[in-house]
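In what follows, a single structure is set out as structure tokens and then discussed.
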Amino acid sequence: MAAGRQMPRDTEGATSFRIRINLLSGSQMVIQVVPDTSIESLRVAVENALEEIHGGGRQIIFPFVRFLPPDVNLTSTVVQAGLTDDDVLAVIQKPRIFWSSGIKRWHVQLRADGVLEIPQPWGLRAPSAIAPPARFLMKVKDVVLNSSSCAALMEDGSVTTWGLTGQGGDSEEVQYLLHDVTSLAASDCAFAALRMDGSAVAWGDPVLGGSCEHVDDELVEVTGIQGCSEGFAALRLDGSVVTWGHPVIDVRNPELRNIKAIKGLRLEAAFAALRADGVVITWGVYGQFLLRGVLQLEATESAFAAVLNNGSVRVWGDPDFGGDAAAVQHNLQDVLQIAATFAAFAARNKDGTVTSWGLPSAGGDQGAVWDRLVDVEDITTDSDSFGSFFVATLVNGEQIGFRGEMWCTTVELWEMWNSRKSLEPMLQKMGLKVAADAIDGTSKSEEGGRHFSDALVSVGAAGRGGTGSFVSSNGLILTNWHVAYDAVRQASLQGSHDYVRDGFVSKSLEGELRGPNYEVWITKSCKDVSQEVNKVIGSEQDPLKRANRVRDVMQEIAQAAQEDPSTGASSGGKRCDVQEMLPNESYVLFTYERIKDVRIVYVPPKSLGNFGGDTDNFEWPRHTADFTLLRAYVGPDGQAADYSADNVPYQPKSFLKVQEQGAAEGDFVFLLGFPGQTMRYAPTSRLRYSDEVAVPNMVSDFARKLQLIAQYEKDSEEAALKLGTSKKGLANEHKRSQGKLVMMRKLGLMRERSEEERALCDKAGPETREALDRLAQIYDEFRAMAGVSQALEACRGIYGGSALLAVGHSLHEYLKVERPKPDGERESTYRQRNLPFLAQRLAKRLGEIHPPHEVALIKDALATLEKTPELKDVFAKVREDFGGESYLSKMAPTAASSKLQLLGDPELLKAIFAEDGDKDRETSLLHDPFLKCGGSLWETYAGNRDRSKALFSERDALFAKLLELQRKHSDGEVMYPDCNGSLRLSAGFVEGYEAADAVVCKPQTTLAGLHDKAVEAKLSMDEGRMAEFSCPDRLYDMLSSPDSKAKAVPVCLLYSTDTVGGNSGSPVMNAQGELVGINFDRQRQGLMNEFKWSKDYSRSMGVDVRYMLWLVGEYDGASTLVKEMLAG
2 MAAGRQMPRD TEGATSFRIR INLLSGSQMV IQVVPDTSIE SLRVAVENAL EEIHGGGRQI
62 IFPFVRFLPP DVNLTSTVVQ AGLTDDDVLA VIQKPRIFWS SGIKRWHVQL RADGVLEIPQ
122 PWGLRAPSAI APPARFLMKV KDVVLNSSSC AALMEDGSVT TWGLTGQGGD SEEVQYLLHD
182 VTSLAASDCA FAALRMDGSA VAWGDPVLGG SCEHVDDELV EVTGIQGCSE GFAALRLDGS
242 VVTWGHPVID VRNPELRNIK AIKGLRLEAA FAALRADGVV ITWGVYGQFL LRGVLQLEAT
302 ESAFAAVLNN GSVRVWGDPD FGGDAAAVQH NLQDVLQIAA TFAAFAARNK DGTVTSWGLP
362 SAGGDQGAVW DRLVDVEDIT TDSDSFGSFF VATLVNGEQI GFRGEMWCTT VELWEMWNSR
422 KSLEPMLQKM GLKVAADAID GTSKSEEGGR HFSDALVSVG AAGRGGTGSF VSSNGLILTN
482 WHVAYDAVRQ ASLQGSHDYV RDGFVSKSLE GELRGPNYEV WITKSCKDVS QEVNKVIGSE
542 QDPLKRANRV RDVMQEIAQA AQEDPSTGAS SGGKRCDVQE MLPNESYVLF TYERIKDVRI
602 VYVPPKSLGN FGGDTDNFEW PRHTADFTLL RAYVGPDGQA ADYSADNVPY QPKSFLKVQE
662 QGAAEGDFVF LLGFPGQTMR YAPTSRLRYS DEVAVPNMVS DFARKLQLIA QYEKDSEEAA
722 LKLGTSKKGL ANEHKRSQGK LVMMRKLGLM RERSEEERAL CDKAGPETRE ALDRLAQIYD
782 EFRAMAGVSQ ALEACRGIYG GSALLAVGHS LHEYLKVERP KPDGERESTY RQRNLPFLAQ
842 RLAKRLGEIH PPHEVALIKD ALATLEKTPE LKDVFAKVRE DFGGESYLSK MAPTAASSKL
902 QLLGDPELLK AIFAEDGDKD RETSLLHDPF LKCGGSLWET YAGNRDRSKA LFSERDALFA
962 KLLELQRKHS DGEVMYPDCN GSLRLSAGFV EGYEAADAVV CKPQTTLAGL HDKAVEAKLS
1022 MDEGRMAEFS CPDRLYDMLS SPDSKAKAVP VCLLYSTDTV GGNSGSPVMN AQGELVGINF
1082 DRQRQGLMNE FKWSKDYSRS MGVDVRYMLW LVGEYDGAST LVKEMLAG
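In terms of this note's numbering, the sequence shown is residues 2 to 1129.
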């Protein structure tokens, strides 16, 4: 640990402060800075401190745990970056890239935390090849590669290998010797290992050094081993050298004495050794000779270079790899230092200039930056997923990297390794063919450029519901049938036709339907505001006060951003929200553009858009057309506007290209979307509470509500439409919750998490056990509160409950409790910026009331209240609010006469929520029995809410502590924030899975399968089954034809991406970023994704783009829409 390190700059007279730096090891150093210290100087100080602690250079990419503001870079001062005294940052070290030799080159990446990332598919694939043990190999210390195999040195001194047998990929015969290994070396087809006792082990092709039996007696007191293409050279403690391999390098030369360094060529059978007296001895294919007066010796993969004591440079080897320096010899007169990439050399001259030669793409031509390479004080090499390059460090601390025509400054090197870019190598290894910068533009502070994320939207009531994508320049949006369902249902209720049942096709802009209450939100930017939030939290220990502080500052930051005129958008045309990424640690401000006029363009009929119904939900194979086309409209001035016939289609900044060929099994795919909540780091106590209390209660509650819907939806078509949204949502959550219970047990998730917690306790000590024990106590308290909480929730009408109880509760809370407070102290829901959305939600619920069903929901809620012993007194008050002992018999007329029934228009509710609302109306409402019920419940509800809020706040603080301990003691696990409805990326492959014993699921379905299900349903004569699996007669007849070509049309895809609720509507894209499908579901085994993703079980499902194009164009005849989708 290094403390109090002074910055290397003139700070006389300045006030200094401390920055704490968390290291990957879990330890911490303190760096002393002054206000004008640059971020780059801070980075250099951390590098220097690490070099003192660990030895050797360690390049730090960016030293902070949170994002910097978008206008801050490495040239900014620490004050401009918003850093203050005692701020805690974290270093991220650049991963090391290791390249193979040979013609077909491949590479692996070793992260600073010891995780080796292996590309999939990796390197050389052949029948005799041994596959890597995993895509990510943990606890790796070092790696070497030859032309066809890889050897990884583990932290415990063992060695893991894979690749071609006979060429080093199979080390089984020598595994008993591969312990206490300190370093590895490679020839073209063999490996050698140096052990702690000074002995050596070799394996692979014997001709190329895979056997060292004939020199075993000489391989003692070995201090280092170097490889060349056809063998090895070992340096011993006494300065002698032992060689083995091909005869051309297996020599006995008396000049090989007092050797201090050896270099070998990866592509040639050649070595050069530097003796203590400055003499270089060479042997191999470039001959044997002596070179005197040598100060430094370096090598590319096929050439050598030596700096002589007179400042000149001598080179030999392959001219293309730097073995010929004639063209630059006149600049190689006063050389102080040379460096080498795989195919080029660079020399630092006494006058501070740099001269390079060799392969231009490897840095052999510094022409692009020659005028910037002045006052250079050091020249080194680095590597990335494209190869190696030179990095020149100037006297002023600036670093310039160059490789042929490619070059970048220190700032650009830093920006390249932000959190988004760090995923790029892994994605490219999986198969991604586009740059990471083409995917996400939300963190860009400047305008310009197009990104896939610009085409993504959040769509639904008040902009929330699911994901959509622009697929044309004219505002056409692709989303799910079930995401757009509520808009279609409301359009049906407001019109004279059931578009849910029959579908809808518009072949012109004029014919498109209004989508009531639907909005489209486009993510415009995200900005880290963790420092602002955490400063307010401060050292507050009271959990409830801390929770309220977090609530207030998040709302204040969002409100200020929304009112900021610099964005160029009116407050009505944008929305700003702060999202918690990691509890008590990381918070991000998201800014959205709001499009408020959304119209329905194309909807398949329910028999196709929901084919299979609840029976097929979360099951595979699927044959549903779960997609819809919408269009976004704005005012003639291009600004967001409410619905108007004068509005025009929105022109998106970017849209996705539709790939009409679709995707095939094995293809790489990725998707973007707005996934909801996950609990990937939940402790055992939380999992147990979910498994034993929360989820079973939900299953029971949803089942009861679904029974009531089934009872009353048969009353009329209008009743079925009004109850449709609740039915679909409750049925989905009911089955998902049941599946979650099954999969948690099948995977043994709690047992696995318990074992992880025990391991963490062993590593991190008693503070981990204390945190886990307190979390268990918190969930025990939640368990004790569960009955009361459930009864109060029922009386607030949540989760598809009574609309009148929900509206009564909200209006009472606003009018009597929240409105008297200053806006900045209100609960988030009741702040002025959020009230229009509340009004819209409540009006929508009132408009969906089917009276007999509503009365049944009210009675059910009050029955739950009555059966809760702790709420006996509260129930007595509520009973009086509804008419006393005979309240049940009076409930139907009470509900029918409620003044709340008149508030189905959002504008009426907005008027009530206005600061100067109608006092007479308010007085009348406060006497409504449902508002009186809210008042009777209020004291108990508020106490329960605040106690829950305090417990959640304390829980989150403990979560944050556990996450920090996990990061410190993790075995290479990457700690991604849990999902929270913000934009995320997931990648995988089109692939099937083994569903059960002897049941293997393929990843693609066709219309032939849909026809089979429809035939079986018809033959069953079961009304329920026929309702779910019947398709339109026209399609049924078409598929029944013996020579029907339509049966081959692909319908759905299965792929191994990581998705949860909220990913509905996410575009499924291929390696080129072209749309090949639309995500709509997971199969049953993937229902545990909220807790854990499994490569064996987790699969997501999407509608194949070929089915969408076929239905819209060939089946429904909307060829203009198909042309628009394909043309963009």
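Using N, Cα and C, we set each Cβ at its ideal position, and we do this for glycine too.
The structure displayed is predicted, hence computed values, not measured ones.
Segment contact: the stretch 341 to 348 against the stretch 357 to 366, three or more CB-CB distances shorter than 8 Å; contact assigned. DSSP places W371 outside both helix and strand once states are collapsed to three, so it counts as coil. Close CB contacts of V375 within its chain, under the 8 Å cut and outside five residues either way in sequence, are with G353, T354 and L395 (chain order). Non-local beta-carbon contacts of L268 in its own chain, meaning distances under 7 Å to residues more than five positions away in sequence, involve S102, S230, E302 and S303 in chain order. Remark: three or more beta-carbon pairs, one from each stretch, lie closer than 8 Å, so the stretch 201 to 209 and the stretch 170 to 177 are flagged as touching. For the beta strand (DSSP E) assignment, the uninterrupted runs of no fewer than 3 residues enclosed by the stretch 212 to 274 are, from N- to C-terminal side, 223 to 229, 232 to 237, 242 to 246 and 260 to 265. The C-beta separation of Y690 from F628 comes to about 37 Å, leaving the pair out of contact by the 8 Å criterion. Comparing alpha carbon positions, the residue from S1042, R1107, L138 and A951 closest to R552 is A951. H851 has no beta-bridge partner at all, per DSSP. In the DSSP assignment, G677 falls outside any beta strand (DSSP E), carrying neither H nor E.
Assignment of beta-bridge partners to W358 by DSSP yields F346. When DSSP reads this structure, M155 sits in a beta bridge with V141. Boundaries of the beta strand (DSSP E) around M582: K575 to L583. Beta-bridge analysis with DSSP links V856 to no other residue. For K658, the three-state secondary structure derived from DSSP is coil. In the DSSP annotation of this structure, P823 is not part of any alpha helix (DSSP H), being labelled neither H nor E.
Looking from the CA of L266, the closest CA among G279, L457, A187 and V243 belongs to A187.
From the listed residues I601, D565 and Q556, the smallest Cα separation to V589 is found for Q556. Between the stretch 498 to 509 and the stretch 604 to 611 there are three or more inter-stretch CB-CB distances shorter than 8 Å, so the stretches are counted as touching.
Cα atoms of L843 and H851: separation of roughly 15 Å, rounded to the nearest angstrom. In the DSSP assignment, Q640 falls outside any beta strand (DSSP E) and carries neither an H nor an E.
By the CB criterion at 8 Å, P930 and F883 fall inside the cutoff.
Remark: C-beta atoms of A896 and V856 approach each other more closely than 8 Å.
Judged by their CB atoms, L1011 and H624 are nearer to each other than the 8 Å cut-off. Looking at the backbone, the Cα of R1107 and that of L479 are separated by about 14 Å. Secondary structure of S473 (DSSP, three-state): coil. Here F612 is buried. Its C-beta has 16 or more other C-beta atoms within 10 Å. According to DSSP, F914 shares a beta bridge with no other residue. The three-state secondary structure of A996, taken from DSSP, is strand. When only Cα atoms are considered, P584 and A943 end up about 24 Å apart. Where W204 is concerned, the enclosing beta strand (DSSP E) starts and stops at A201 to G205. One thing to note: V1061 has its Cβ within 8 Å of the Cβ of P676. With a 10 Å radius around the Cβ and a threshold of 16 neighbouring Cβ atoms, R1035 comes out exposed.
Less than 8 Å divides the Cβ of C1032 from the Cβ of S608. Annotation: S357 to V295 spans about 19 Å, alpha carbon to alpha carbon.
As the crow flies, the alpha-carbon of R820 is around 59 Å from that of E1017.
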